[in-house]
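Chemist: If you read the sequence shown in the working numbering, its first letter stands for residue 170, the second for the next number, and so on.
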Amino acid sequence: MYQITSVEDAQKLEEQEVGVSDWIVVDQERINKFAEATGDFQWIHVDTERAASELPGGKTIAHGYLTLTLIPTLTESFVEMPNLVRAINLGCNKIRFYTMVTVGSKVRARATIKQARRRAGALHLISEVSIEVEGARKPACIAEIIGMYFLDDTQ
């Protein structure tokens, strides 16, 4: 795990891969809970019987945005900021979905710090995160994530 206590620490990690997570299984329960949370009940996600007869491979498919929302959990152990006061998610510059995540697939995250700058008294960090699917040639998702990290520099 990398430790960042200043903007300068983060800048030393630019263009470096900072972590690869463990694999997690995307099961139907997770997909159904995401559908409930978002109201997106499109049959390709939640209707296992219809998927068995109509979808290639016969399996339901995780929501693309479910895949995206796994990023914080999958990457939380990549970098430690012991003097973090608060963090703010500023969004994404770019998100692309390349491969479907079928039910039962294993996924993991791989992250690289693209840019670290001082902005508004905080660390403005842009990271590229790839969500890989075990056995797939292409990642499920690649997202450029932007965050602001307010660090206590008095420590």
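Note that beta-carbon positions come from the ideal geometry of N, C-alpha and C, so glycine has one too.
From a predicted model like this one, the values you see are computed outputs, not experimental measurements.
In chain order, what residues of the same chain lie with their CB nearer than 7 Å to the CB of Ile213, ignoring the 5 residues before and after it?
Modeler: Ala220, Leu224, Thr229, Ile230
Chemist: Counting C-beta neighbours from all protein chains within 10 Å, is the total for Glu301 16 or more, i.e. buried, or is it exposed?
Modeler: Buried, since its Cβ has 16 or more Cβ neighbours within 10 Å.
Chemist: Between the alpha carbons of Met269 and Arg287, how many angstroms are there, rounded?
Modeler: 37 Å
Chemist: Is Phe247 near Tyr171, with beta carbons less than 8 Å apart?
Modeler: yes
Chemist: Report the three-state DSSP secondary structure of Gly233 (helix, strand or coil).
Modeler: helix
Chemist: Ordered along the chain, which non-local residues of its own chain (more than five positions away) have a Cβ less than 6 Å from that of Ala280?
Modeler: Val187, Gly188, Thr244, Phe247, Ser296, Val298
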